[in-house]
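Colleague: Before I ask anything, here is the structure I am working with.
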DNA sequence: GGTACCAATTTTGGAGTCAATATGGGCCCG
DNA sequence: CGGGCCCATATTGACTCCAAAATTGGTACC
């Protein structure tokens, strides 16, 4: 049953690889919101069969990252300010709750790794391209999420982050925010190291930047009710 | 342009209908966890083409309600105690956060409707089949969720609830829980009517019952101080 | 009597093909 | 000169068919 046939794993990973490749290009800004994703273009762009493209697109539709219009094809989901703010609130809820479970779970090696990723991001902010900054940021947060023991929660957070279409790219250029992000990362590691749960959670929440306008009325209060 | 072609809408709804039909049968216990979902069976069971069955199955896989094994087909996702508990925590997080946003948004008509659905559930508990109870419960919670202004959050909650495989059916029969659920529903409406946010949120959290047995080993240590 | 092997059947996965529909340009008419 | 209609093209969506793989049942052997 659970053998390890390379062909099977390869095929399965290949499908997911295509899916994440398209998602990556969307986040990188190569496929701006509203762009029509013609199957034939993707087919030759990624060198895959049409069926694979179609299945990957369907998965992306299930994640609401792309939109399907009957008999017109798929297109990158246009970003709606309302939806963007709702997504931000969802991230606040999920990542805030996850933060509660993370403090105290990092050993020395993990702390060192996180510190390294935080400094890598700082360096990227100074000397590298925006795309590299994006990568470094994702790497840091990916590692951070490994501390959360709730696999389902982690999956949900990953999906929620994935669902934010091109948000980073369009708003990062504002000088000052990236640098603040870098400081946030280091502060998170500091709090983790000190075992200061409140500081850590506060930093995680502060890190989720408000989208353009701040409708304070819709803010959710609520600290996480999660069991350890 | 955007004419009103019944074919398009019908086709789109038809696909989703098949998807929800399968999900419904899974929740109803007709397709227990671990069951192999042979495409040909579903094809003749729901009277749909194989392509439709496949696409619906893929969507269900994306929602982690069914599992796909290469060259062996799809099967209902087996319920793992660990995963079930993680899902419960996720529901606590999401529904608890949603509850915070609901108080004060219900007008008189909505309150009356909720009250009616709560009593309908109570009646179902007394006089109807388990399946009817399940339906009544879903109807109440569906209506309740309409109070949440965050559409993305609502979607996430619906998906999370959908992802719980057959949990209600397998554990509801324990006499006492269903009746407590009915009381919970009425208490929620009471709190909503009184505008008592804390009471409402507490009730929502209490309503998310702990998963059957608590495998202390699987717990991430720490007593789960769920609800209050 | 139990076990291991082998063949037949069933089921999946994918590719190819074909009809239906939207898009864009050109043409005709006002 | 501007607007509306019609047709050619390209793209999508669905059905069908075929090969590959796994499961099942049977049989022979130990």
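Protein chains in written order, with our numbering: chain A, 1 to 228; chain B, 1 to 228.
Each residue gets a CB set at the ideal place from its N, CA and C atoms; glycine is no exception.
Since the model is a prediction, treat every value here as computed from it, not as a measurement.
1) Quick one, which of A:197, A:152 and A:122 has its alpha-carbon nearest residue 181 of chain A's?
2) So which residues on chain A does residue 86 of chain B lean against when the C-beta distance must stay under 9 Å?
3) At what residues does the alpha helix (DSSP H) containing residue 88 of chain A begin and finish?
4) Just the C-alpha distance for residue 40 of chain A and residue 74 of chain A, rounded to the nearest angstrom, thanks.
5) Between which two residues does the alpha helix (DSSP H) harbouring residue 63 of chain A extend?
6) Are the CB atoms of residue 98 of chain A and residue 117 of chain A nearer to each other than 8 Å?
7) Could you please tell me which residues of the stretch 90-122 of chain B, in chain order, have their CB closer than 8 Å to any CB of chain A?
8) Strictly under 8 Å for the Cβ-Cβ distance: is residue 156 of chain B near chain A by that measure?
9) Could you name the residues of chain A that residue 231 of chain B contacts, counting a contact when the two beta carbons are closer than 7 Å?
10) In this structure, what does DSSP give as the bridge partners for residue 177 of chain A?
11) Classify residue 100 of chain A as buried or exposed, calling it buried when 16 or more other Cβ atoms lie within 10 Å of its own Cβ.
12) Using the beta-carbon of each residue, which ones in chain A are nearer than 8 Å to residue 16 of chain B?
13) Within 8 Å (strictly less), CB to CB, does residue 83 of chain A reach chain B?
14) Going along chain B in order, which residues have a C-beta closer than 7 Å to the C-beta of residue 55 of chain A?
15) Which word fits residue 71 of chain B, buried or exposed, when buried means at least 16 other C-beta atoms lie within 10 angstroms of its C-beta?
16) Could you give the distance in angstroms between the alpha-carbon of residue 178 of chain A and the alpha-carbon of residue 125 of chain A?
17) Across which residues does DSSP place residue 68 of chain B in a beta bridge pair?
18) Pull up the DSSP beta-bridge partners for residue 37 of chain B, would you.
19) Where do the ends of the alpha helix (DSSP H) carrying residue 114 of chain B lie?
20) Taking the Cβ atom as the reference point for each residue, do residue 183 of chain A and residue 103 of chain A lie within a distance shorter than 8 Å?
21) Can you list, in chain order, the residues of its chain whose CB lies under 7 Å from that of residue 25 of chain B, leaving out five sequence neighbours each side?
22) Would the stretch 49-64 of chain B count as touching the stretch 59-68 of chain A if we require 3 or more Cβ pairs under 8 Å?
23) Kindly give me the distance between the Cβ atoms of residue 200 of chain B and residue 191 of chain B, rounded to whole angstroms, as I take these residues to be in contact under 8 Å.
24) With residue 52 of chain A and residue 87 of chain A assumed to form a contact (beta carbons below 8 Å), what rounded beta-carbon distance in angstroms separates them?
25) Less than 8 Å between the beta carbons of residue 130 of chain B and residue 145 of chain B, yes or no?
26) Residue 133 of chain A: buried (16+ other C-beta within 10 angstroms of its C-beta) or exposed?
27) Looking at the secondary structure, which residues open and close the alpha helix (DSSP H) in which residue 137 of chain A lies?
28) Please report the straight-line C-alpha distance between residue 209 of chain B and residue 50 of chain A, rounded to a whole angstrom.
29) Looking only at C-alpha atoms, which of B:194, B:20 and B:66 sits nearest to residue 108 of chain B?
Modeller: If we stick to the structure as given:
1) Walking along the first chain from the start, residue 181 of chain A turns up at place 181. The option with the nearest alpha carbon to residue 181 of chain A is A:122.
2) Counting from 1 along the second chain, the entry for residue 86 of chain B is found at position 86. What residue 86 of chain B touches in chain A: 149, 150, 151, 152 and 153.
3) The residue labelled residue 88 of chain A in the question sits at position 88 within the first chain. Where residue 88 of chain A is concerned, the enclosing alpha helix (DSSP H) stretches over 81-102.
4) Within the first chain, residue 40 of chain A is the residue found at index 40, counting from 1. Within the first chain, residue 74 of chain A is the residue found at index 74, counting from 1. Answer to the nearest angstrom: the Cα atoms are 12 Å apart.
5) The sequence position of residue 63 of chain A within the first chain is 63, counting from 1. Neither: residue 63 of chain A is in no alpha helix (DSSP H) and is coded neither H nor E.
6) Here the question's residue 98 of chain A lines up with position 98 in the first chain. Here the question's residue 117 of chain A lines up with position 117 in the first chain. For residue 98 of chain A and residue 117 of chain A, no; Cβs fall outside 8 Å.
7) 90, 92, 93, 94, 96, 97, 100 and 101
8) The residue you call residue 156 of chain B lines up with position 156 of the second chain. Yes, its Cβ sits closer than 8 Å to a Cβ of chain A.
9) Because chain B here runs from 1 to 228, residue 231 of chain B falls outside it and cannot be looked at.
10) The residue labelled residue 177 of chain A in the question sits at position 177 within the first chain. BP columns for residue 177 of chain A are empty, so no partner.
11) Residue 100 of chain A sits at position 100 when you count from the first residue of the first chain. Classification for residue 100 of chain A: buried.
12) The residue labelled residue 16 of chain B in the question sits at position 16 within the second chain. Chain A residues near residue 16 of chain B: none, gap ~11 Å exceeds 8 Å.
13) As a first step, residue 83 of chain A must be located in the first chain, where it is residue number 83. Judged by the 8 Å Cβ criterion, residue 83 of chain A is in contact with chain B.
14) In the first chain, the residue the question calls residue 55 of chain A occupies position 55. The contacting residues are 58.
15) Working through the second chain from its first residue, we reach residue 71 of chain B at position 71. The residue is exposed, with fewer than 16 neighbouring Cβ atoms inside 10 Å.
16) Numbered from its first residue, the first chain carries residue 178 of chain A at position 178. Numbered from its first residue, the first chain carries residue 125 of chain A at position 125. Spanning the two alpha carbons is a distance of roughly 7 Å.
17) Counting from one through the second chain, the residue named residue 68 of chain B turns up at place 68. Residue 68 of chain B is bridged to B:74.
18) By one-based count along the second chain, residue 37 of chain B stands at place 37. Per DSSP, B:74.
19) Start at 1 with the first residue of the second chain, and residue 114 of chain B comes out as number 114. Here the alpha helix (DSSP H) through residue 114 of chain B covers 108-127.
20) Walking along the first chain from the start, residue 183 of chain A turns up at place 183. Walking along the first chain from the start, residue 103 of chain A turns up at place 103. Contact flag unset, no.
21) Your numbering for residue 25 of chain B matches position 25 in the second chain. Within the same chain, residue 25 of chain B has close Cβ partners 31.
22) yes
23) Residue mapping note: residue 200 of chain B aligns to position 200 of the second chain, counting from 1. Residue mapping note: residue 191 of chain B aligns to position 191 of the second chain, counting from 1. Going by Cβ atoms, the distance from residue 200 of chain B to residue 191 of chain B rounds to 4 Å, so yes, they are a contact pair.
24) Position 52 of the first chain holds residue 52 of chain A. Position 87 of the first chain holds residue 87 of chain A. With 8 Å as the limit, residue 52 of chain A and residue 87 of chain A do not qualify as a contact, their Cβ atoms being about 28 Å apart.
25) Along the second chain, read from residue 1 onward, the residue named residue 130 of chain B stands at position 130. Along the second chain, read from residue 1 onward, the residue named residue 145 of chain B stands at position 145. No, these two residues do not count as a Cβ contact at 8 Å.
26) Taking the first residue of the first chain as 1, we reach residue 133 of chain A at position 133. By the 10 Å Cβ count, residue 133 of chain A comes out buried.
27) Working through the first chain from its first residue, we reach residue 137 of chain A at position 137. Its alpha helix (DSSP H) spans residues 130-145.
28) Here residue 209 of chain B corresponds to residue number 209 of the second chain, with the count starting at 1. Here residue 50 of chain A corresponds to residue number 50 of the first chain, with the count starting at 1. Rounded to the nearest angstrom, the two C-alpha atoms are 45 Å apart.
29) Counted from its first residue, the second chain places residue 108 of chain B at position 108. If we check each option's Cα against that of residue 108 of chain B, B:194 comes out closest.
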